[in-house]
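Asker: Structure below; questions to follow.
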Ligand code: SAM
């Protein structure tokens, strides 16, 4: 199939998966179309079309009338799987889908689409967190990706000399948990907005300290290593300069800053997933993805003397800056 025809069709594949996950197809297998339609109260013909499409895109197999999950859908698309990505699928379907619909306008105006798609004005996280449910969908969605990436982000550099690791905007705590898994004699802290911290406590179950605060407005809790995982890509260069200057000032000499982000190749030709993520940042934040050289320049401008970067082969790469 030529590239253009393939891309005309590509969004249909995504939406097929979103609809099936949202309807709970992957939680209901093995099943027949008739049994599933009865359970969902859905139309039998349309349910059969959806299940057959899922077979065609390799999310289900069919044996006679019975549909079963593939290994990937069983691991990532069942709600009760420890590696579930259903939170991110729902966030993609219910939020990103509507924002991406206005990508052309985002490119014309250079700004996110919350006002256009949802009529929302104000700080961006007030949109992600409009309701308790939307906050949970967003953060548990990121948690799924975090579970895939955080052990590799923590293992990418030698962090064994650090005693107190503070993850700024640490969300559900997957990075802080990966840090204490690898360095059980050190302490990890998640610092996040007050309305997020109850969810952090629930997800981390006493294994890390949880502190409420605003990293732009409040004093940072003391640390010899800070982390910013999928934080810098939310903000423009001015806010990043402010935040990095604050982190630098709070660190002792020799202290570290671990940045977890997808890195664009320095020649700006890939990887594809990082460029797709960069457009996604355009439609929902003030930021974008950056290359290792760009993160290095930002860290050096804040005063960091050494900057090391490592690709991890997971949805987050790892940059370590040393004061
Ligand atoms: N670090 C987590 C991860 O990698 O999954 C979450 C990343 S999420 C894109 C951004 C996080 O920053 C959210 O948990 C959000 O609550 C937090 N955040 C946003 N603005 C903040 C602020 N001003 N102070 C502290 N945390 C903030």
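Residue numbers (the numbering used here): 62 to 384.
For glycine and all other residues, C-beta sits at the position ideal for the given N, C-alpha and C.
A quick note: this is a predicted structure, and the numbers were derived from the prediction, not measured.
(1) May I ask which residues mark the beginning and end of the beta strand (DSSP E) holding residue 218?
(2) Would you tell me roughly how many angstroms separate the C-alpha atoms of residue 137 and residue 338, rounded to the nearest one?
(3) Say yes only if the C-beta of residue 290 is nearer than 7 Å to one or more non-hydrogen atoms of ligand 3, and no if none qualify.
(4) Run the proximity test for residue 319: is its beta-carbon closer than 7 Å to any non-hydrogen atom belonging to ligand 1?
(5) Would the beta-carbon of residue 281 be found less than 7 Å away from any heavy atom of ligand 1?
(6) With a Cβ-Cβ cutoff of 8 Å, do residue 89 and residue 106 count as a contact?
(7) Output yes or no for whether 8 Å exceeds the beta carbon distance between residue 111 and residue 81.
(8) Could you work out which residue in 87, 192, 274 and 120 is closest to residue 141 when comparing CA atoms only?
(9) Can you find at least 3 beta carbon pairs, one from the segment 126 to 134 and one from the segment 166 to 180, that sit closer than 8 Å?
(10) Assuming the contact rule is C-beta atoms closer than 8 Å, residue 220 and residue 286 should be a hit. Round their C-beta distance to whole Å, please.
(11) Among the residues of its own chain, which have a CB less than 6 Å from the CB of residue 237, if the five just before and after it don't count?
(12) Looking only at DSSP bridge pairs, what is residue 321 linked to?
(13) Does DSSP classify residue 252 as helix, strand or coil?
(14) Would DSSP call residue 227 helix, strand or coil?
(15) With three or more C-beta pairs closer than 8 Å as the rule, is the segment 369 to 384 touching the segment 346 to 360?
(16) Do residue 343 and residue 320 have their C-beta atoms within less than 8 Å of each other?
(17) Which partner residues does residue 352 have in the DSSP bridge list?
(18) In chain order, what residues of the same chain lie with their CB nearer than 7 Å to the CB of residue 334, ignoring the 5 residues before and after it?
(19) Just tell me which of 192, 79 and 359 has its CA closest to the CA of residue 147.
(20) How about residue 260: is its Cβ closer than 7 Å to a heavy atom in ligand 1?
Answerer: Well, looking at it:
(1) Counting along the chain, residue 218 falls outside any beta strand (DSSP E), and DSSP gives it neither H nor E.
(2) For residue 137 and residue 338, the distance between alpha carbons rounds to 20 Å.
(3) As presented, the structure is devoid of ligand 3, carrying ligand 1 as its sole ligands.
(4) No - ligand 1 has no heavy atom lying nearer than 7 Å to the Cβ of residue 319.
(5) Residue 281 has its CB no nearer than 7 Å to any heavy atom of ligand 1.
(6) No, the pair does not count as a contact, with Cβ atoms beyond the cut-off.
(7) The answer is yes: Cβ separation under 8 Å.
(8) For the options 87, 192, 274 and 120, the alpha carbon positioned closest to that of residue 141 is the one of 87.
(9) By the Cβ rule, the segment 126 to 134 does not count as touching the segment 166 to 180, because fewer than three pairs are nearer than 8 Å.
(10) Between residue 220 and residue 286 the beta-carbon gap is near 6 Å, inside 8 Å, which marks them as a contact.
(11) Setting aside the 5 residues that flank it on each side, residue 237 is surrounded in the same chain by 228, 231, 249, 251 and 269, each with a C-beta closer than 6 Å to its C-beta; the list follows chain order.
(12) DSSP lists 290 and 379 as partners of residue 321.
(13) DSSP places residue 252 in strand when its eight states are reduced to three.
(14) Here residue 227 sits in strand by DSSP.
(15) These segments touch.
(16) In this structure, residue 320 does not lie closer than 8 Å to residue 343 by Cβ.
(17) DSSP output for residue 352 lists 325 as bridge partner(s).
(18) Here the set comprises 323.
(19) Among 192, 79 and 359, the Cα nearest to that of residue 147 belongs to 79.
(20) No - ligand 1 has no heavy atom lying nearer than 7 Å to the Cβ of residue 260.
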